[in-house]
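**Q**
In the working numbering, the protein residues as written are 951 to 1222.
(1) Would you check if there are 3 or more beta carbon pairs closer than 8 Å linking the stretch 1029 to 1040 to the stretch 1120 to 1140?
(2) Just confirm the distance between the C-beta atoms of residue 1036 and residue 1180, as a whole number of angstroms; I'd bet it's less than 8 Å.
(3) Can you tell which of 1198, 1218, 1147 has its C-alpha closest to the C-alpha of residue 1010?
(4) For residue 978, count neighbouring Cβ atoms within 10 angstroms of its own Cβ and tell me buried if that reaches 16, exposed if not.
(5) Is the Cβ-Cβ distance between residue 1067 and residue 1086 less than 8 Å?
(6) From the DSSP output, in three-state form, read off residue 1172 for me.
(7) My guess is that residue 998 and residue 1211 are in contact by the Cβ rule of under 8 Å, so how many angstroms apart are they, rounded?
(8) Spatial neighbours of residue 1071 within its chain, please: C-beta separation below 7 Å, excluding the five flanking residues on both sides.
(9) So, with DSSP's three-state summary, where would you put residue 1077?
(10) Can you tell me whether DSSP reads residue 1163 as helix, strand or coil?
(11) What are the start and end residues of the beta strand (DSSP E) that includes residue 1100?
(12) So, are the CB atoms of residue 1076 and residue 1132 less than 8 Å apart?
(13) Thinking C-alpha only, which one of 1024, 1167, 1016, 1134 is nearest residue 1151?
(14) Could you pull the DSSP bridge partners for residue 1157 from this structure?
(15) Around the C-beta of residue 1112, are 16 or more other C-beta atoms found within 10 angstroms, so that it is buried, or is it exposed?
(16) Could you check if residue 1020 is buried or exposed, using at least 16 other CB atoms within 10 Å of its CB as the buried criterion?
(17) Determine the direct distance from the alpha carbon of residue 1142 to that of residue 1207, and round the result to whole angstroms.
(18) Starting from residue 1033, follow the alpha helix (DSSP H) in both directions and report where the run begins and ends.
(19) Would you mind stating whether residue 1097 and residue 1089 have Cβ atoms separated by less than 8 Å?
(20) Comparing alpha-carbon positions, which option in 992, 1001, 1000 lies nearest residue 1014?
(21) Consult DSSP for residue 990 and reduce its assignment to one of helix, strand or coil.
(22) Residues in its own chain within less than 7 Å of residue 972 by CB, not counting five upstream and five downstream?
What follows is the structure, encoded as C-alpha cells:
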C-alpha cells in the first residue's frame, strides 16, 4: 500500500458524520469485521478500514488480499464477512451474492517511460494482447518486439481488462504476475514491455498511455469517456443480511461522508 497517500488521506478525515455513530449496545465490544479479496482494492479498503477503526476503536478490522475470485468464494462459503471484487459478479455468482459498488476504478495501460508510444485505441490494445501485433513499430513505436505483461488467472484486474478489450482467454502473455505492484515494477524495468494496472497504483516507474485519446482521470471515468474501467464491489450474501459490526462498516464505507477517502485512494466514489 502507498503509505504516504494513506496517511495524507487519513489526516484529512478527522471529522466523521454523527449519523454513523452507534450506541454501545449496537454491537459487541469484541466484534470484528473480516474482508477478503481484490488486491487492487488494497488502498481504498485500507483508508476506509483505518478511518473506521479510528471512530470504532472497539472493533477489529482485517483485510486479506487474496484476489477477487478468492474473496467471492470466501464470502460465499462464510469465511469472511465481506468479499472484495474488482470485477462484476457473474450471473451464477449473482444467484446467491450481491455486490454493492463502492467505487469505479480506471484500468490504465502502462509502458516504460522510454517508450515513445503515448496512445492506443481499444482495437490496437486488443491486437497487441492477442498477438496480432507483435512489434512496437506497427503501433507507432520503435522496431522492437512487444513484451506482454499481465496478471494471473483469477485476478480482477485481468478480468476487467480482458472483458473491456474483448480478449478473454486470448491474451499471449509473456509473464503473468500475481500483483499490481509486480506489473508496475516489471514494465518499469523493460523498455519493450506493456502491462495494465489499477489507476490508483500508478507510479513514476511507468507511463500511462491514453486510450482512444482520453487520459484516465476521475472526470473521464465518471463520465464514461475513458473506456477501460471496472467496479470495486463489496460482496455479501443475498439471503443473509449483514448484522453487527459488518453492517456498521458497510454503512460507513457506502456513506457520502466517506467519498473524500475513496477519492484520496485514487478511485471514483459511487456515493457523492
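From the three backbone atoms N, C-alpha and C, an ideal C-beta is built for every residue, glycine too.
**A** Let's see:
(1) Touching, no, given that fewer than three Cβ pairs across the two stretches are closer than 8 Å.
(2) 6 Å
(3) 1198
(4) Because residue 978 sits at a pLDDT of 42, beneath the cut-off of 50, its placement in the model cannot be relied upon, and the following sentence gives the value as read from the coordinates. Under this definition residue 978 is an exposed residue.
(5) yes
(6) It is helical.
(7) 6 Å
(8) 1162
(9) In this structure, DSSP gives residue 1077 a helical state, which the three-state scheme calls helix.
(10) Three-state result, residue 1163: coil.
(11) 1097 to 1101 is the span of the beta strand (DSSP E), which, as asked, contains residue 1100.
(12) no
(13) 1134
(14) 1061
(15) buried
(16) buried
(17) When rounded, the distance between both Cα atoms is 43 Å.
(18) Element bounds for residue 1033: not the alpha helix (DSSP H) but the beta strand (DSSP E), 1032 to 1035.
(19) no
(20) 992
(21) coil
(22) Only weak support exists for where residue 972 lies, its pLDDT of 36 falling under 50; the coordinates are left without a value.
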